[in-house]
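Novice: The first sequence runs 11 to 862 under our numbering.
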Amino acid sequence: MQERYNASLIEQKWQGIWEQEQSFKATEGSQREKYYLLEMFPYPSGRIHMGHVRNYSIGDVVARFKAMQGFNVLHPMGWDAFGMPAENAAIQHGTHPAKWTSENIENMRMQLKRMGFSYDWDREFATCHADYYRWEQLIFLKMLERGLAYKKQSTVNWCPDCQTVLANEQVEDNCCWRCDQEVVPKELEQWFFRITEYAEELLEFTDRLSGWPESVLTMQRNWIGKSIGCEIDFRLESSDVVIKVFTTRQDTLFGATFMSLAPEHPLVAPLTTAAQQAEVAAFLKKVQNQDKIKRTSDEYEKEGVFTGSYCLNPVNGNRMPIYIANFVLMDYGTGAVMAVPTHDQRDFDFARKYKLPMTVVIQPEGELLEPAAMTEAWTGSGRMINSEEFDGQENETAKITIADALEAKKCGKKTVNYRLRDWGVSRQRYWGTPIPVIYCDACGVVPVPEAQLPVVLPTDIVFTGEGGSPLAQVDSFTQTSCPTCNGPARRETDTFDTFVESSWYFARYTCPDDVNGPVDKKKAESWLPVDQYIGGIEHAVMHLLYARFFTKVLRDLGLMDIDEPFTNLLTQGMVCMETSSCPTHGWLYPEEVDAGKCTQCGADVKLGRTEKMSKSKKNVVDPDHLIKQYGCDTARLFSLFAAPPEKDLEWNEQGVEGCSRFLNRVWRAVYDNHALIQDPSVKPEVTDEGRNLRRIVHRTIKKVTTDIDDSFHFNTAIAAIMELVNAIYAFERKTEHPGVMREALETVVSLLTPFVPHIAEELWSTALGHEDRLSTGCWPRWDEAALVEAQKLIVVQVNGKVRGKVTVPADISEDDLKQAALHDDNVARFIDGMTVRKVIVIPGRLVNVVVA
RNA sequence: GCGAGUGUGGCGGAAUUGGCAGACGCGCUAGAUUUAGGAUCUAGUGUCCAUGACGUGGGAGUUCGAGUCUCCCCACUCGCACCA
Numbered sequence: 011m012q013e014r015y016n017a018s019l020i021e022q023k024w025q026g027i028w029e030q031e032q033s034f035k036a037t038e039g040s041q042r043e044k045y046y047l048l049e050m051f052p053y054p055s056g057r058i059h060m061g062h063v064r065n066y067s068i069g070d071v072v073a074r075f076k077a078m079q080g081f082n083v084l085h086p087m088g089w090d091a092f093g094m095p096a097e098n099a100a101i102q103h104g105t106h107p108a109k110w111t112s113e114n115i116e117n118m119r120m121q122l123k124r125m126g127f128s129y130d131w132d133r134e135f136a137t138c139h140a141d142y143y144r145w146e147q148l149i150f151l152k153m154l155e156r157g158l159a160y161k162k163q164s165t166v167n168w169c170p171d172c173q174t175v176l177a178n179e180q181v182e183d184n185c186c187w188r189c190d191q192e193v194v195p196k197e198l199e200q201w202f203f204r205i206t207e208y209a210e211e212l213l214e215f216t217d218r219l220s221g222w223p224e225s226v227l228t229m230q231r232n233w234i235g236k237s238i239g240c241e242i243d244f245r246l247e248s249s250d251v252v253i254k255v256f257t258t259r260q261d262t263l264f265g266a267t268f269m270s271l272a273p274e275h276p277l278v279a280p281l282t283t284a285a286q287q288a289e290v291a292a293f294l295k296k297v298q299n300q301d302k303i304k305r306t307s308d309e310y311e312k313e314g315v316f317t318g319s320y321c322l323n324p325v326n327g328n329r330m331p332i333y334i335a336n337f338v339l340m341d342y343g344t345g346a347v348m349a350v351p352t353h354d355q356r357d358f359d360f361a362r363k364y365k366l367p368m369t370v371v372i373q374p375e376g377e378l379l380e381p382a383a384m385t386e387a388w389t390g391s392g393r394m395i396n397s398e399e400f401d402g403q404e405n406e407t408a409k410i411t412i413a414d415a416l417e418a419k420k421c422g423k424k425t426v427n428y429r430l431r432d433w434g435v436s437r438q439r440y441w442g443t444p445i446p447v448i449y450c451d452a453c454g455v456v457p458v459p460e461a462q463l464p465v466v467l468p469t470d471i472v473f474t475g476e477g478g479s480p481l482a483q484v485d486s487f488t489q490t491s492c493p494t495c496n497g498p499a500r501r502e503t504d505t506f507d508t509f510v511e512s513s514w515y516f517a518r519y520t521c522p523d524d525v526n527g528p529v530d531k532k533k534a535e536s537w538l539p540v541d542q543y544i545g546g547i548e549h550a551v552m553h554l555l556y557a558r559f560f561t562k563v564l565r566d567l568g569l570m571d572i573d574e575p576f577t578n579l580l581t582q583g584m585v586c587m588e589t590s591s592c593p594t595h596g597w598l599y600p601e602e603v604d605a606g607k608c609t610q611c612g613a614d615v616k617l618g619r620t621e622k623m624s625k626s627k628k629n630v631v632d633p634d635h636l637i638k639q640y641g642c643d644t645a646r647l648f649s650l651f652a653a654p655p656e657k658d659l660e661w662n663e664q665g666v667e668g669c670s671r672f673l674n675r676v677w678r679a680v681y682d683n684h685a686l687i688q689d690p691s692v693k694p695e696v697t698d699e700g701r702n703l704r705r706i707v708h709r710t711i712k713k714v715t716t717d718i719d720d721s722f723h724f725n726t727a728i729a730a731i732m733e734l735v736n737a738i739y740a741f742e743r744k745t746e747h748p749g750v751m752r753e754a755l756e757t758v759v760s761l762l763t764p765f766v767p768h769i770a771e772e773l774w775s776t777a778l779g780h781e782d783r784l785s786t787g788c789w790p791r792w793d794e795a796a797l798v799e800a801q802k803l804i805v806v807q808v809n810g811k812v813r814g815k816v817t818v819p820a821d822i823s824e825d826d827l828k829q830a831a832l833h834d835d836n837v838a839r840f841i842d843g844m845t846v847r848k849v850i851v852i853p854g855r856l857v858n859v860v861v862a
């Protein structure tokens, strides 16, 4: 073996061997139990960043660990290749999105390969290829057939100057990022997926996702936002006609003191009394000119007018004047709102303006609300008052009990409401999956026949960033004939939201080359669901909810057999780094700082806060430099050791050096004992010293195994291996224990494999003389017998403060332990002259003497 | 604003889940080795008025015992439906 550790040499050697031996190829039909491990696939932005290094290092530990435990592992990688940055690059630099994307993929694939991740590269695909998106188009057609996809009006951000739709990200302070022109809302006909149809199931199944972090499930439940609302009938004072009202705050019903109708409400005309006629007509005319979106926004002036009529509160019979209000919309709910000024801000503003009565019906804890003294509505929780038999209930409880009471009195009924809205999937962009429909003047919206799929993105496009969707300007694409009547027709020019591609890619990995459908049911069945999914916490709601929704849709379309896509979920934190800036040159890259000075002007560099690594703040580390300097094993080790996966990781150059130093230390430990441990047949020697080191060896196996398997605590697993290496260095009578030494070093190398596979394989084969491969070999097992300790160190406290320590036989009785504790010199000193009130004994751990 | 998190030495982080706070690593100090530097090895390293006291963002509480449980407050981070 080599005396010195040469990372770059051995890393390239082993990456070559794994590729040649196809070590990570996943195949169906194995006797071994399957394990599908997936990390969120990357957007091909150009180069991998530390977030990728971390995400994929975490995944690789689990994939390699499971493979060593004997599972048949599927660990694929691919590209989330559609999206805005490709189109922006085209606008700014004239490169075609397809070329830009494929060059980025080439580059990033090379970088990922250089990291030595155990992917089955044969399954790689990019979502921008027609081989992938044609199946997405097919899924869309099936959804259309079932009414799960539909069109409706909705608003987009519109830049009047560029004549184009802007993403939220492209709007800064309500202005266009390119031209600074104010952005205006614009109504467009757009495609939607009926995710609300699945709201109940998506909610219910959150209770069964026991392998997901509770915080993510809570966020999803809140996002779906199920609530029980009511439809309530308010009878007019003068007749039996009723005004139907929809509300989710039936708990405030006793506080409803007036009624607000939408200006378009059909009862407006009949309810307006002769005396109010002129005023109402003027108000209606004014509202007609107001924009619908603005009318409901918080800042807009709440205005209204009295109709002259009254209705009755169904629970307490109170007379409620009926108003017309500009913020009530006819197309939401029933077009009528019961107004509770004390507990709704808009009603509060309205009541103050028109001097309408107020009654408090919910009292918050520790505060007494008086209508006259209130400056804003109380919309939080509290106890019911002024609500007759419901007084004293929590308002959340009262939502149910009042709803029940209304149903019983036949003046209302319960309704279920969700905060979740249908998923708008239309994008007025080029670089996305074309939505496969055709518009015909005679036949209307006509789906593209399945046989004509895929609808391929045309390539001859000019990108200006102005004038709407680029696709709309390509006549050869838009002009087509109607599949139904053969008459002239035009194609849909909107493309899908890129979340659509990432909603089913995990299923496609099970059969990436299938030419018969989106998924090969048999193969999908053998691999799905994903056993472990790993990715950023920022995807807690949207991506993960959409993927769950798609799984259920594909199931109901008969394409798959699972209810949920991801059995276990690990959400990893961000990678952060200290920011640096120069007074004249602004943000600086780490390589632009030398000994605290700016390399351009020599000025003192100001250190800023530690923030998420981003190009804009220049607090980024290029993985390529890191690999070149230390090797990928060191890069992997640091990103795993510096923090537990779910927490943010602070990048630190000196920490990286520490990890590099540790690998050198491991190499030397093996090298120094190389001659001693050549014979694999020697059994571990049974002496006190030998037994001691063996106990540490087996304790480490147990700790590393459970840290990886139970909790992904890679940082503590690595710390334990470091302790074992320290113990090997400290082990003085090495030469007398070749068997124990060999076992210890083999254990270190084996346990390190999932974290730093290259150095591990190299030591395993060249120093330890093994013919087999560690990566596809066996994970070590611990020997319980080796863990047993004869003596235990017990802490003795007096009144909860540590006053002494006693070493006792491990199997000591409680009484004997108590005696040993009380007779410890220092303990005796502290209980001298006091009365012992109580002695608490925690076997194997601690004794606490309570004195007074 | 709404929803979800996080907060422990000079720094990153540990703590068998209510039982020795600070494992492991970085940094720092001293010594050994070396022509020197680097590398390596050994020892030390929470604070202070130091046989002890104090100490896990701040404040209160439960307990023999609280980083861990309860309540209130503060600071920061993520998501909020067209970034991915």
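All C-beta atoms in this analysis are idealised placements derived from N, C-alpha and C, irrespective of residue type, glycine included.
Note that the structure is predicted; figures quoted are calculated from it, not measured.
Report buried or exposed for V735, applying the criterion of at least 16 other Cβ atoms within 10 angstroms of its Cβ.
Specialist: By 1-based counting over the first sequence, the position of residue 735 is 725. With 16 or more Cβ atoms within 10 Å of its Cβ, V735 is classed as buried.
Novice: Can W441 and A140 be called in contact, C-beta distance under 8 angstroms?
Specialist: To locate residue 441, count along the first sequence from 1; it is residue 431. To locate residue 140, count along the first sequence from 1; it is residue 130. No.
Novice: Which residue wins for smallest C-alpha separation from T505, given the options R144, R783, V472 and E116?
Specialist: Here residue 505 refers to the residue found at position 495 of the first sequence. Minimum Cα distance to T505 is reached at R144.
Novice: Specify whether the region 558-569 and the region 75-85 touch according to this definition: at least 3 beta carbon pairs, one from each stretch, less than 8 angstroms apart.
Specialist: no
Novice: Between which residues of its own chain and G527 is the CB-CB distance below 8 angstroms, once the five residues before and five after are set aside?
Specialist: Translated into positions along the first sequence, residue 527 becomes position 517. Only W145, L148 and L569 meet the Cβ criterion.
Novice: Can you tell me which of P107, K627 and K622 puts its alpha carbon nearest to the alpha carbon of G56?
Specialist: Residue mapping note: residue 56 aligns to position 46 of the first sequence, counting from 1. Nearest option by C-alpha distance: P107.
Novice: Tell me whether the region 604-616 and the region 723-743 touch, counting them as touching only if at least three CB pairs, one residue from each stretch, are closer than 8 angstroms.
Specialist: no
Novice: Are there three or more Cβ pairs, one per stretch, closer than 8 angstroms when the region 275-287 is compared with the region 358-366?
Specialist: no
Novice: Given 8 angstroms as the limit, is there contact between the region 572-585 and the region 212-228, that is, 3 or more CB pairs closer than that?
Specialist: yes
Novice: Is it the case that the Cβ atoms of I711 and T776 are separated by a distance below 8 angstroms?
Specialist: Walking along the first sequence from the start, residue 711 turns up at place 701. Walking along the first sequence from the start, residue 776 turns up at place 766. No, the Cβ-Cβ distance between I711 and T776 is not below 8 angstroms.
Novice: Closest by CA to L778, which one among A754, M118, F400 and G318?
Specialist: For the purposes of this step, residue 778 is identified with residue 768 of the first sequence, where counting begins at 1. Of the candidates A754, M118, F400 and G318, the one whose C-alpha sits nearest the C-alpha of L778 is A754.
Novice: Could you check how far apart the C-beta atoms of F34 and S112 are, in whole angstroms? I think they sit under 8 angstroms.
Specialist: In the first sequence, residue 34 corresponds to position 24, counting from 1. In the first sequence, residue 112 corresponds to position 102, counting from 1. 24 angstroms between Cβ atoms; not a contact.
Novice: Which two residues bound the contiguous beta strand (DSSP E) that contains W168?
Specialist: Position 158 of the first sequence, counted from the first residue, corresponds to residue 168. A159 to C169 is the extent of the beta strand (DSSP E) around W168.
Novice: How far does the beta strand (DSSP E) with E663 in it extend, from its first residue to its last?
Specialist: Residue mapping note: residue 663 aligns to position 653 of the first sequence, counting from 1. Taken as a continuous stretch (DSSP letters only), E663 belongs to no beta strand (DSSP E), being part of the alpha helix (DSSP H) at E663 to D682.
Novice: Going by the beta-carbon positions, is the gap between L827 and V818 smaller than 8 angstroms?
Specialist: Against the first sequence, residue 827 aligns to sequence position 817. Against the first sequence, residue 818 aligns to sequence position 808. The answer is yes: Cβ separation under 8 angstroms.
Novice: Straight-line CA distance for K161 to W168?
Specialist: What you label residue 161 is simply residue 151 of the first sequence in a count that begins at 1. What you label residue 168 is simply residue 158 of the first sequence in a count that begins at 1. Straight-line Cα distance between these residues: approximately 19 angstroms.
Novice: DSSP beta-bridge partners for R437?
Specialist: Walking along the first sequence from the start, residue 437 turns up at place 427. R437 pairs with T505.
Novice: How long is the line joining the alpha carbons of S536 and D524, rounded to whole angstroms?
Specialist: Residue numbering aside, residue 536 sits at position 526 when the first sequence is read from its first letter. Residue numbering aside, residue 524 sits at position 514 when the first sequence is read from its first letter. Looking at the two C-alpha atoms, the distance is approximately 15 angstroms.
Novice: By the three-class DSSP mapping on this structure, what secondary structure does S112 have?
Specialist: Counting from one through the first sequence, the residue named residue 112 turns up at place 102. Three-state DSSP puts S112 in a helix.
Novice: Nearest to A550 by alpha carbon, out of N662, Q230 and N117?
Specialist: On the first sequence, residue 550 is found 540 positions in, with the first residue counted as 1. Nearest option by C-alpha distance: Q230.
Novice: Can you tell which of H103, E313, D250 and R646 has the C-alpha that lies nearest to the C-alpha of F672?
Specialist: Numbered from 1 along the first sequence, position 662 holds the residue referred to as residue 672. Looking at the Cα atoms, R646 is the closest of the given residues.
Novice: Name the DSSP beta bridge partners of L84, please?
Specialist: Here residue 84 refers to the residue found at position 74 of the first sequence. Y46.
Novice: I'd like the list of long-range same chain contacts for S397, defined as Cβ closer than 6 angstroms, with 5 residues on each side in sequence excluded.
Specialist: Against the first sequence, residue 397 aligns to sequence position 387. Here the set comprises F264 and V371.
Novice: Rounded to the nearest angstrom, what separates E179 and A266 at their Cα positions?
Specialist: If you number the first sequence from 1, residue 179 lands on position 169. If you number the first sequence from 1, residue 266 lands on position 256. Between E179 and A266, the C-alpha separation is close to 41 angstroms.
Novice: Determine the contact status of T137 and G477, defining contact as a CB-CB distance below 8 angstroms.
Specialist: Reading the first sequence from its first residue, position 127 is the one you call residue 137. Reading the first sequence from its first residue, position 467 is the one you call residue 477. Result no, Cβ atoms of T137 and G477 do not sit closer than 8 angstroms.
Novice: Between the alpha carbons of V181 and V193, how many angstroms are there, rounded?
Specialist: One-based indexing of the first sequence puts residue 181 at position 171. One-based indexing of the first sequence puts residue 193 at position 183. Taking the straight line from one Cα to the other gives about 7 angstroms.
Novice: Taking the DSSP output, what are the residues bridged to C450?
Specialist: On the first sequence, residue 450 is found 440 positions in, with the first residue counted as 1. G454 and A499.
Novice: From the DSSP output, in three-state form, read off E756 for me.
Specialist: To locate residue 756, count along the first sequence from 1; it is residue 746. DSSP places E756 in helix when its eight states are reduced to three.
Novice: For D451, which option in D470, G314, P498 and A382 has the closest C-alpha, if you only look at C-alpha atoms?
Specialist: The residue labelled residue 451 in the question sits at position 441 within the first sequence. That would be P498, whose Cα lies nearest to the Cα of D451.
Novice: Excluding the 5 residues preceding and the 5 following T594 in the sequence, name in chain order all residues of the same chain whose CB lies nearer than 7 angstroms to its CB.
Specialist: As a working mapping, residue 594 is identified with position 584 in the first sequence. Taken in chain order, the residues that qualify are C611 and A613.
Novice: When you compare the CB positions of P446 and V458, do they come within less than 8 angstroms of one another, or not?
Specialist: The count along the first sequence starts at 1 and reaches residue 446 at position 436. The count along the first sequence starts at 1 and reaches residue 458 at position 448. Their beta carbons are under 8 angstroms apart, which means P446 touches V458 by this criterion.
Novice: Secondary structure at T490, three-state DSSP: helix, strand or coil?
Specialist: Taking the first residue of the first sequence as position 1, residue 490 is located at position 480. Three-state DSSP puts T490 in a strand.
Novice: Report the start-end ranges of each beta strand (DSSP E) in the region 562-588 that is 3 residues or longer and not cut off at the edges.
Specialist: 576-582
Novice: Under 8 angstroms: do the region 510-517 and the region 458-469 share three or more Cβ pairs, one atom per stretch?
Specialist: Taking a cut-off of 8 angstroms on C-beta distances, the region 510-517 does not touch the region 458-469, as fewer than three cross pairs fall below it.
Novice: To the nearest angstrom, how far is the alpha carbon of V766 from that of N662?
Specialist: One-based indexing of the first sequence puts residue 766 at position 756. One-based indexing of the first sequence puts residue 662 at position 652. Answer to the nearest angstrom: the Cα atoms are 19 angstroms apart.
Novice: Are Q639 and L580 touching if we call contact CB-CB under 8 angstroms?
Specialist: As a working note, residue 639 is residue 629 in the first sequence. As a working note, residue 580 is residue 570 in the first sequence. Remark: C-beta atoms of Q639 and L580 do not approach each other more closely than 8 angstroms.
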